[in-house]
Structure formats: C-alpha cells, structure tokens
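Input: a single structure, listed below in structure tokens.
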Amino acid sequence: MKIERSKINFSIGKNTSKNIYKVIPVVKDNLPKELETKFSDQIRSGIFSGESGQSFIDESERIIYLGLGNSNKVSIRSVAQIFLSVGEKLRKWDSVGLEIKLTRFLTKTLSTSSLVYQIANSIDLGAFPINVLAKDFKEKKGKFGNVSFILEDSNAEKSAKAGLDKSRSVSKYVNGARYIAHLPANHFTPEEFVSRSKEIAKEAGLKITVMDEPQLKKEKMGGILAVSQGSDKKPKMIVLEYNPPKAKSKKKLALIGKGLTFDSGGISIKPAQDMHEMKYDMCGAAAVIHAIGAIAELGISVPVIAAIGVAENMPDAAALKPGDVYTAHNGLTVEVQNTDAEGRLVLGDVLSYIGKKYKPDYMVDLATLTGAIIISLGHEAAGVMSNSDKLRGLLDEASASSDERTWNLPLWEEYGEDLKSDIADLRNIAGRPGGSLSAAKYLERFVDSGIDWAHIDIAGTAWRKKASGTQIGNGPSGYGVRLLVDLAEKLEKNRGV
C-alpha cells in the first residue's frame, strides 16, 4: 500500500509557475496602503476588512489577500487554520501556483520555521483528498502548481527552509495516517495494516516484525486474541524499529497504538447511529506507524519502537461474552464486563510485551479509547495521563511546538479502585464517572515498573467535523503524528534527558 508524496512542489523564493496568484496575509488593524487606496469602497462596505479567515481577490494584479484578524491575536495556530482552506481551494483549481508573502510582522512576531512548517502542512492537508473511493476522485485529473514563500526579511530564509524541509516529510505521513483511517473496514483490514506497515518500513528503512495468530497464541497475548474471537479477520501485532546509527540518546522511546479496524462493540453492541465512524478506532495505530516513518525520514537521532495491536471487534457465536475471563500477556486475569471496552484489552498486551522485550525508557500509547474524553475535552485536545512528571513535561513541550493540543489529567490511585473483580485480578470497566481515568488506571497495570509511561486518549481529536487550528475537519485529522515527531525531537535535543 504505497505512501503518496505531496503532489505540490514547495520552495523558498520566486515562483516560476506560469499561472500564479500572490497570497498576501494582512492584519485588520494595519491593512496595506495600496489595498486601502484601490479598494476603499469594498473596505468601507465591509466586503473585506481583514477579519480572520476573510479573503479578497484583486484579479487585475492576481493577488489574494488573506485576513488574519487583529495583530494582537495572530498566532501560528490561527494562521495555520486559514491556510487549511487555501489548500482546499488549491485542490479544486487546475495548475494554479501560489507565491505566499511572509511580512516582517509575521516573521518577527512568530517563529519563522514553525510558521512555514505549519502553513505548508495546512496547504498539504487541505489539498489532500480523502474521498478516494468516489467516482469523482477517480475521474478528476487536476494538477497542482508550485507553492513558494517570499520573505520580506531575507535573514529569516534559513529558518523558513528548515520549516519547509520538516514539512515535506511530516505532512506526507500525516496525510498517510488520514488516508488509511478514512478507508472503511472492508477496504482496510488487519491484513492491510500489515501491508501498510511493510511499506512504511521499506520507505523509512525500518525493521519490521509481524505476529500472526499462531505467534500471538505462543506469546500468550490473551487480550488481542479475546477481542478478535468474533471476527473472521485474524488479529496481528506489528512492531517497527528505528535504530539511528549514531543515536544522541541511549534512551529508547516506545510508541504504542490501538488498531481496531472496526469496533462494533462486540456482544455489548454499540447504537446504530454513527457506528460507521468506528472505522476510525484504529487512528492511534495509524498515527504511531506513520510517526515512526516521519521520525526516521527526518533522521531524528533517538531509538524508537512503534508497536500496534490490530484486530476487529465483532459479535458472533464465538465472540467474547460479558462475564468471560481471559489471561493477559503479563499473567493477570481479566473479567470482561463490557465487550465494548475492548481497546484496553488489546493495548494491555502490547504494553506488556514491549515493556518486557524492549525495556524502553519512555513509552507512550495513543488510543481512541473512551467517549468520556470527548465529554471532558470536546474535540480540541487529547487527554494525557502519565506516571511520570518528566514525560508529562516533554509532552507539554511537544504539544506546544506541534500545536497538537493535549491536556493533563490525574492518575490517582482512587480511579482504579472500582476495577476490582470478585472473580479475577481485575475487570475491564469501572463505571461511567471518570471513565477515561479508570481506563488509564487499567492500562497502568500492564506497564512494567521503571518505565516512564503516558497514555494519550485521542478519541476527541482523531476525527472531527470542522477544522480547528492545525487540525483539519470533515474526517480524520491525522492527530498524533506531529506530536510524536516533536516528542522525539525534544528527546534528541535533551539527549534523552
């Protein structure tokens, strides 16, 4: 399953395309004099005022003015969101290039490398179609013109180039995660997850290990096997390894992802409304395997392991039943009181296996784990629950630089008290109150002591209906790829801490 590179050629400097528009971002409280003079009637009547997200085209000069709002509210986040819509327009046009002017105000107010990185990401995300199974997609033959950045301050060009170089690798993998996440379960099964992982391994030069059902049984991966009982699709565990030749950090980072290619809820079946969205229950795994691809392509000098548990949760005569007890990889017995709380069963095995086999210093799991996190944080941030102040701080830094928002939540012992079972070591649910937190306490039971671990619940950010900041709407966002790339960069910079 091939990973597509961007069809847009990005560069710094004058655009050589024949058919181009100049794009000039402007602030509401300081509009360019030439704009105010030439289009005074339009400005006076409110057709264009520089409000955030407004656009106005001067066809005679082939200039697109983009409103950024008031200068004191301009941020990389707000600029990135505006350029998502620019990318969407570029997708509908044919062979139109853009020459984006970055004024001194922007490059002095904001980090130039981050600004160019996120603008290029946004254009790439907006221009990337996800309706890949539609007749319209197959028949559309439009081409993209080149996109270039012109900087008023030539001293900022080096930083701009660094941001653009990073975007070329990262946006490809963000879109790659979005692409597989949006495929329905009859087009993307656990077997296709293997195919995609092999392609990433080939592209990025990674070692790959795939465990099929016989190996999972041999390794006593009872959680993954229990969840997959009701499906005719066989489960997998996939491990990708990145070992840079001259690692600046001796400490290893493990990235763990939940990969339910479809989650019906099993015997505890979900309501029919919006069940089709449960094809997105593998967004954590999609983010993890694409993040390690980006980390390797960027040459970040930190050893990284990415491991995903992949299965399909279906109701069937052979399916896991409420009340059943299984034995997990680490030997704990688990009473399954709700088969729709299945992601933690899969993750528990993977966390245990990776902890014991690879002994990572840091371990981060991403999962669309609970609807409760959406009640807590909406779609604006993922919830972080961690046993380590150090790792929590690194994730805070990575969240700030990547603009993939996270919010820290407690991991107090009290949240795990109701996981006690009267027949097994623990049960898989603890009631509705604090559901995201008790789920994290469940996962903590599968993390070996001495490992700095964080659980990131991305159920609210993995897919969304409308764009916000750097996160594109109308489907899967690719959330987590940029966050994990920046986490690896922080570890490299701090030499593993």
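Quick note: the sequence shown, position 140, residue 140 per UniProt numbering, numbers continuous. Quick reminder that beta carbons are idealized off the backbone N, C-alpha and C, glycines included. Computed from a predicted structure; not experimentally measured.
Query, Result
"Taking three-plus beta-carbon pairs below 8 Å as touching, is the segment 155 to 171 in contact with the segment 113 to 132?", "yes"
"Which residues in the same chain as I200 place their Cβ atom closer than 6 Å to its Cβ, once the five residues preceding and following it in sequence are excluded?", "I289, G293"
"Quick check on this structure: which residue in V74, L106, N121, G13 has the alpha carbon closest to the alpha carbon of R5?", "N121"
"Taking buried to mean at least 16 other C-beta atoms within 10 Å of its own C-beta, is G176 buried or exposed?", "buried"
"In whole angstroms, give me the CA-to-CA distance for M282 and K161.", "34 Å"
"Apart from the five residues on each side of it in sequence, which residues of its chain come closer than 6 Å, Cβ to Cβ, to P25?", "L66, L68"
"With DSSP as the reference, identify every bridge partner of G13, one or two as the case may be.", "BP columns for G13 are empty, so no partner."
"Label W412 either buried or exposed according to how many other C-beta atoms from any shown protein chain fall within 10 Å of its C-beta, with 16 as the threshold for buried.", "exposed"
"Can L443 and R344 be called in contact, C-beta distance under 7 Å?", "yes"
"So the beta strand (DSSP E) D452 belongs to, where does it begin and stop?", "452 to 457"
"Is the beta carbon of K233 closer than 7 Å to that of E312?", "yes"
"For F144, does the three-state DSSP call read helix, strand or coil?", "coil"
"State the start and end residues of the unbroken beta strand (DSSP E) segment that holds A382.", "382 to 386"
"Determine whether the beta carbon atoms of D349 and M211 lie at a separation below 7 Å.", "no"
"Only counting the same chain, and skipping five residues up and downstream in sequence, which positions put a Cβ closer than 6 Å to that of L115?", "I76"
"Taking its Cβ as the centre, do 16 or more other Cβ atoms sit within 10 Å of Q118, making it buried, or is it exposed?", "buried"
"Can you tell which of L240, D448, G383, N387 has its C-alpha closest to the C-alpha of R196?", "L240"
"Output the distance between the C-alpha atoms of A285 and E59, rounded to the nearest integer angstrom.", "45 Å"
"Over the uninterrupted alpha helix (DSSP H) stretch that includes G222, give me the two end residues.", "222 to 227"
"Judging by CA-CA distance, which residue of L84, I300, K441 is the nearest neighbour of L347?", "K441"
"Leaving out five residues before and five after H329 in sequence, what residues of the same chain have Cβ atoms less than 6 Å from its Cβ?", "K220, M221, D349, S352, Y353"
"Could you work out which residue in V334, E99, L255, A287 is closest to A424 when comparing CA atoms only?", "V334"
"Starting from Q471, follow its DSSP beta bridges and name the residues at the other end.", "S468"
"Taking C-alpha atoms, which residue in G142, I308, G478, K138 lies nearest to V194?", "I308"
"Residues in the same chain with beta-carbon distance under 7 Å from N408, minus the five sequence neighbours each way, listed in chain order, please.", "V384, R392"
"Please report how far the alpha carbon of F446 lies from the alpha carbon of V132, in whole angstroms.", "38 Å"
"Taking the CB atoms as reference points, tell me whether S17 and G145 lie closer together than 7 Å.", "yes"
"Could you pull out every residue in the same chain whose Cβ sits closer than 6 Å to the Cβ of D486, ignoring the five residues on either side in sequence?", "A398, S401, S402"
"Go to N175, then tell me how far its beta strand (DSSP E) extends in each direction, as first and last residue.", "Run containing N175: none in the beta strand (DSSP E); it sits in the alpha helix (DSSP H), 157 to 182."
"Can you grab the Cα-Cα spacing for the pair P244 / A287, in whole Å?", "20 Å"
"If you drop the 5 nearest sequence neighbours on each side, which residues of the same chain put their C-beta closer than 7 Å to that of K466?", "G473"
"Just how far apart, CA to CA, sit S468 and S55?", "18 Å"
"Out of I373, W463, K236, V227, which has the shortest C-alpha to C-alpha gap to E192?", "K236"
"Specify, as a first and last residue, the run of the alpha helix (DSSP H) that V79 falls within.", "76 to 92"
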